[in-house]
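Numbered according to our numbering, the sequence shown spans residues 1 to 274.
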Amino acid sequence: MIRLILRHLVVFLFYTLGVSVALLMLPPLQGLALGLLLLWLLLRFYLLPSTPEGPEDMRPARRLQALRLRPLRGEVLRWTLVALPVMLVLSWSVGELYVSLVPVPAETFNPFGPLIGDPWGQLAITVLAVVAAPVAEEFFFRGVIQHPLEQRWGAAAGILGAAALFALVHLLPWVFPLHFFLGAVFGWVVYTTRSIWSGVIFHAGNNALAVLGLGAGEDPLTRPTLWEVGLDADWWLAMGVLVVSLAAAIRVAGHLRSAARREEAAASPHALQV
1 MIRLILRHLV VFLFYTLGVS VALLMLPPLQ GLALGLLLLW LLLRFYLLPS
51 TPEGPEDMRP ARRLQALRLR PLRGEVLRWT LVALPVMLVL SWSVGELYVS
101 LVPVPAETFN PFGPLIGDPW GQLAITVLAV VAAPVAEEFF FRGVIQHPLE
151 QRWGAAAGIL GAAALFALVH LLPWVFPLHF FLGAVFGWVV YTTRSIWSGV
201 IFHAGNNALA VLGLGAGEDP LTRPTLWEVG LDADWWLAMG VLVVSLAAAI
251 RVAGHLRSAA RREEAAASPH ALQV
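Pasting the structure below:
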């Protein structure tokens, strides 16, 4: 199990390094093209292998089971889309409260700052962050990593373990708790819906919101922390939004879980359960 997870992490880190180097070293459109090519190679030859040969975990049947490529449809899809804005508001409030407590370096949230000022750079960042990253990261962390952990140690351990690895590989220790929180949310929704696409949707929505903030020149880290200015109006606003959005998230999560259970109960008893 440990060797399997380490192999996945090494492959993911090499993929991420390749995309980052492409963005930083090449003109934006060339970097975008190379990033998308790397994603295709990753999917074609590692995450979605078509040959029955090779390691057992990479054989098509096992890999498809781990990835949970079940399409979202009907009531489950509707509640996933309803849950998305609730999750985004909750995530925003958690982030605001966190950066009011922890002095996070400004560059932490904008590692590709020079590209944001260029229109083609913005396009490259948007496509790779909102399309490529959610697919690659969800297929890895909520797919081939979380699923085996669930089978070995149970759902909670699988979700939290994959979330911890997800936060760790971002190599941003200042915001490890924020990435862990997001990873746990994505992991829960994938486990509940039995579909990787719910995690991709949540991940894409979160990244889209972040890209919009960068494109608008938003810099939330310039304000002082709670330890410097006390409980100001911004802190109370974020706390109020957190309370309301958390209550809404709990309610919507219950509806989503119920919808997923009804769909599973209505499925053929001979259907593959993953």
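Glycine is no exception: its CB is placed at the ideal position from the N, C-alpha and C atoms. None of the values given here were measured: they were computed from a predicted structure.
- At the C-beta level, Leu90 and Ser198 stay beyond 7 Å of one another.
- Between Ala66 and the set Val104, Leu123, Gly187, the nearest pair of CA atoms involves Gly187.
- Spanning the alpha carbons of Gly183 and Pro114 requires a straight line of approximately 27 Å.
- In the DSSP assignment, Gly183 falls within the unbroken alpha helix (DSSP H) covering 176-193.
- Annotated three-state conformation of Asp232 is coil, per DSSP.
- A Cβ-Cβ separation of about 7 Å places Leu178 in contact with Val94 under the 8 Å criterion.
- In this structure, the alpha-carbon of Gln30 lies about 8 Å from that of Ala22.
- Here DSSP, grouped into helix, strand and coil, assigns Gly154 to coil.
- Contact between Ala136 and Leu39 is confirmed by a C-beta separation of about 6 Å, below the 8 Å threshold.
- Boundaries of the alpha helix (DSSP H) around Gly121: 119-127.
- The beta carbon of Ala83 sits closer than 6 Å to the beta carbons of Val252, Leu256 from its chain, once the five residues preceding and following it are set aside; these are given in chain order.
- Under the three-pair Cβ rule at 8 Å, the segment 222-239 does not count as touching the segment 155-174.
- Of all alpha-carbon atoms in Thr126, Leu123, Pro71, Val200, the one lying nearest the alpha-carbon of Glu263 is that of Pro71.
- With a beta-carbon spacing of about 6 Å, Leu88 and Gly205 fall inside the 8 Å limit used to define contacts.
- The Cβ atoms of Trp79 and Ala266 do not sit closer than 7 Å to each other.
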